[in-house]
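This report concerns only the one structure given below.
Protein chains in written order, with the working numbering: chain A, 1 to 593; chain B, 1001 to 1593.
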């Protein structure tokens, strides 16, 4: 069975030595002393490794079942869910008013990574609930908040998000689900929704579905979409559960992975629904949560990559196969461990430098969410809005590739389900697709976010990178050469790509959009380069300060040097592709394919 | 259900207009007139689409079962196997003396791609038989050939290859399976072999296992390995089947994909085995087949990519979602088809330019196998030996990535097994692993093949690329700019990488091996660049000659231009990684991971 160790020490390093969160003026951050966050992360790590991780393969193997209209989760899920609930984890960053602990989002992310890494399919049950509760928190009436939030924050009731229909995923303006107003102010919801994660199950007393639907006679397309609360069981005036609402699970989808999560086809037949937010403003209500939801999916990319990586390392140390080309390293054994081989190293270093860089990127992004929500910092809000498609698209594309690399270290054993390595790739695959497929992220980045507020946020990003270089240059020649110069070169590639879009995208927007996925990846590499430069700096400072755990910081520096030397050169390739423009991309007529 | 159309026209273009096979002096090639090969490919395409393809998802869903010691293949497999057998397909390129048709290997490859694309798991049953028969053909005594080949070439008996044991895959010197000589000249084979594709099943009367084992008292390690023929049923003097031999299937592995193929754990308990070739020369016997086997796996990479691509194109044309940024292209419909979106195009062009380039590469490589076998062309043998790890590693790595891209075009529907797109990625995944994991291919390329015969073959490759450029330059400015110049630049990157290895690998071999996977990919891109330049040239000549099907050739040129502009820039990135050397790769001690 695979192993998993929660990356507590690494998260602590990022929070306290790189982001230095307690020095931030964001409300709530001054409480986040190292001992305190350490204790939370230790506890979350314990639940991850002892409770969630042992159920990961069980969930994959058993999957969810639908029998006589009842959906059952895999054996052990319900008890684990109760344990999570008892520990108060689902409400970690939710308002105290409704029973949460109101911890900053950055802590929620650090904890969420561990939960997701140990069991992604399981973590989606409370993850989706968190998303639905956030929507009610942002757009609900006081009465709605009082009715739903206390139960949802404890996960006594769970939540779902219902967007997709069989003929429309990205283009929600095409949706057909209807919401007909009734005399009592509620609506009758009718239609079929598909791909509903955690759509039905046996782990909570009630399920609160948030459903996008169109009110007949409203505006055409996306402007006529509204959001509704549709509980599985209606709620009586006294808060107790009433009659079953008209929503049924018709089918559980057979998927490539995340089998432990019940991905349902939900059928609404005149179900009672309550408007959430304003009529025809359903998409706006969804959008307010989108940054967080997308960052959460980016986190899944990291989480599966890290879990897979840990197993690849373990296997590479234990599996004896072949001899080091530079001389036997295990002369008394029948062969050397895999880890002596340079190409295995290359693969492990790809994985290690990605996961640690990604973790920093994710926590940095999460800290900007906090600054935006808790301190109304508009610059932080703008920057994280720009970076959100990068976090989602880059971390899930690359995270998936890393699970494939980790699986490859196992050779034939990685292809056998017993090793658990196939599950990591199959589970990681979904993150490239849901919450906006990565092509849509690239479109959002290039088509919308780059030019947002007159391009102010991307300019701020470039200024930040430049400022970082200027401030830290000239103190240590090796650091300049290994970190600052590669970062500068990569950032120049990113600027050149942006310039290309500006100069050519106006004449023909296809010149920008044909390079959108390359731009997203180019941007992602620069962000991880920046993270590694910041981590390298923090590590150097710790070493100069006489840190006792020198090996930890030396390892950080070496891993950072790897990223800068071996991964950042991808930026030039992405730039070359971008600068080749749309002509070769759009040359063929559809029937020439 | 997925679709599949056999790429007959494209294969014909490569065989006759690019490789111009009938002009070759290789014995047998002059018979390969276009009408003749066209008829073969049409027929193979028909069986692929009508018989094998409909069973592809069945095989994935049902898998193979082991009950009371009997292995059963999925419903319909046996009837399809009989049909293939009746058509004489398994013996297509086998000697006439044993019942084959002795067609060139290049035709076997073109046909094999279609079979594999329509049903990889199924095609492995006769594919492995082909490999085992080739080994007997190359190393068997006349009596062995007479006993086994006629039955194996018709697939009345199928074959397997038994190398791996649970503790050794790549490093076969560690193997424990024993072969004890008996008085009658046969051996008693004892041991457990794992990952045996087509290891047991219900589609043939007998199964001829080729088993690597050690004769006690022989040399240590890999030099003490011999190869044995171990039939499932012993064969009586009159050729009829006798008693059951002591080999049993203990388990069918649960795998990520190729569920339709029975991957068995085989247990040999004093089984009767017959030495094939010389004692302790088992690895040499395996090696003679390795080039072909690896080219066959490279073919699988292409085949899954092409099948997945065809479905992605179909979906992109049919699925209506969003609007073209340059104006509605389906104004009367609710939305435009996906194919209008630049990033979808980019993905489809990545796939298309890969599959067509890969097909040319594969058929070119196969033609060199023919030149080597049929005309004793040592240069061809040396060059294809150099390129074999590139064909295997590059085409399966990239082929896998392309199935992932094709799946991505489907959005959420691609993650649902019903669409069939997950199966393409899961089936394609194995080709990166078996027949030598791709890291081992990279090691073979850089550690062995580059320097083979004093580096003669890689020099010949460079000379060929240079000669191609010189011969064809200056006739058409656009062709020079779009094809020859990018090819030259990419080839220079490859030369620079080779030079780096020469200058640094001697001091420290890790400097070469740390860049081996990058080198393999760099080499692969240059090969596909060369293929596209050759195809582009052929297309231009056809257009200048007034070809009636101008659209076909225009499409070729446009697709080639895409590859040169958008894919070849990867060579510079691989070179940068290679030139960063081994220092960052090998910096950490094992316990720092």
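Cβ coordinates follow ideal geometry from the N, Cα and C atoms, glycine included.
Asked	Found
How would you write the range of the alpha helix (DSSP H) that residue 1081 of chain B sits in, first residue to last?	1077-1086
When the Cα of residue 1590 of chain B is compared with those of A:318, A:501 and A:389, which residue comes out closest?	A:318
Hey, could you find the ends of the beta strand (DSSP E) residue 1259 of chain B is sitting in?	Looking at the DSSP string, residue 1259 of chain B is not in any beta strand (DSSP E), and its letter there is neither H nor E.
Name the chain A residues that come within less than 9 angstroms of residue 1403 of chain B, Cβ to Cβ?	By Cβ distance, chain A contributes nothing, its closest Cβ being about 11 angstroms from residue 1403 of chain B, past 9 angstroms.
Taking the alpha helix (DSSP H) that residue 1059 of chain B falls in, what are its first and last residues?	1056-1062
Is the separation between the beta-carbon of residue 1021 of chain B and that of residue 1106 of chain B shorter than 8 angstroms?	yes
For residue 390 of chain A, count neighbouring Cβ atoms within 10 angstroms of its own Cβ and tell me buried if that reaches 16, exposed if not.	buried
How about residue 280 of chain A and residue 353 of chain A: are their beta carbons less than 8 angstroms apart?	no
Could you tell me the distance, in whole angstroms, from the CA atom of residue 1072 of chain B to the CA atom of residue 1260 of chain B?	10 angstroms
For residue 1322 of chain B, is the classification buried or exposed, using 16 other Cβ atoms within 10 angstroms of its Cβ as the cut-off for buried?	buried
Counting along the chain, where does the beta strand (DSSP E) carrying residue 192 of chain A start and finish?	187-196
Look at the alpha carbon of residue 1103 of chain B and the alpha carbon of residue 1116 of chain B, and state the distance between them as a whole number of angstroms.	19 angstroms
Out of B:1125, B:1410, B:1313 and B:1291, state which residue places its alpha-carbon closest to the alpha-carbon of residue 1362 of chain B.	B:1291
Give the residues of chain A in contact with residue 1573 of chain B, contact being defined as C-beta atoms less than 8 angstroms apart.	569, 570, 572 and 573
Assign residue 478 of chain A to buried or exposed, taking buried as 16 or more other Cβ atoms, counted over all protein chains shown, within 10 Å of its Cβ.	exposed
Using a Cβ cut-off of 8 angstroms (strictly closer), state whether residue 1321 of chain B contacts chain A.	yes
For the structure I just gave you, are there three or more beta carbon pairs, one from the region 1330-1340 of chain B and one from the region 572-585 of chain A, closer than 8 angstroms?	no
Going along the chain, which residues of the region 1048-1060 of chain B sit with their C-beta nearer than 8 angstroms to a C-beta in chain A?	none
Classify residue 1397 of chain B as helix, strand or coil using the three-state DSSP reduction.	helix
Please state whether the Cβ-Cβ distance between residue 1201 of chain B and residue 1064 of chain B is less than 8 angstroms.	yes
8 angstroms is my cut-off, CB to CB: does residue 4 of chain A come that close to chain B?	no
Residue ranges of each beta strand (DSSP E) run of no fewer than 3 residues wholly in the region 1218-1294 of chain B, ordered along the chain?	1225-1231, 1233-1235, 1241-1244, 1247-1252 and 1264-1275
Any beta carbon from chain A within less than 8 angstroms of residue 1536 of chain B's own beta carbon?	no
Closer than 7 angstroms between beta carbons: that is the criterion. Which residues of the region 499-523 of chain A meet it against chain B?	509, 510, 513, 514, 516 and 517
Quick check on residue 255 of chain A - is its C-beta less than 8 angstroms from some C-beta in chain B?	yes
Under three-state DSSP, which class holds residue 216 of chain A?	coil
Under 6 angstroms Cβ to Cβ from residue 1491 of chain B, same chain only, skipping five residues before and after it: list those, please.	1465 and 1526
Residue 1162 of chain B bridges to which residues according to DSSP?	B:1211
Under the rule that 16 or more other beta-carbon atoms within 10 Å means buried, what is residue 1519 of chain B, buried or exposed?	buried
Tell me the rounded alpha-carbon separation between residue 1462 of chain B and residue 1122 of chain B.	39 angstroms
Going by beta-carbon coordinates alone, are residue 41 of chain A and residue 80 of chain A separated by less than 8 angstroms?	no
Taking the Cβ atom as the reference point for each residue, do residue 1380 of chain B and residue 1400 of chain B lie within a distance shorter than 8 angstroms?	no
Exposed or buried, which one is residue 1184 of chain B when buried takes at least 16 other CB atoms within 10 Å?	exposed
Identify each residue in the region 1159-1173 of chain B for which the Cβ-Cβ distance to at least one residue of chain A is less than 9 angstroms, and report them in chain order.	1164, 1166, 1167, 1168, 1169, 1170, 1171 and 1173
According to DSSP, simplified to helix, strand and coil, what is residue 1331 of chain B?	coil
Between residue 1346 of chain B and chain A, is the shortest Cβ-Cβ distance under 8 angstroms, so that the two count as touching?	yes
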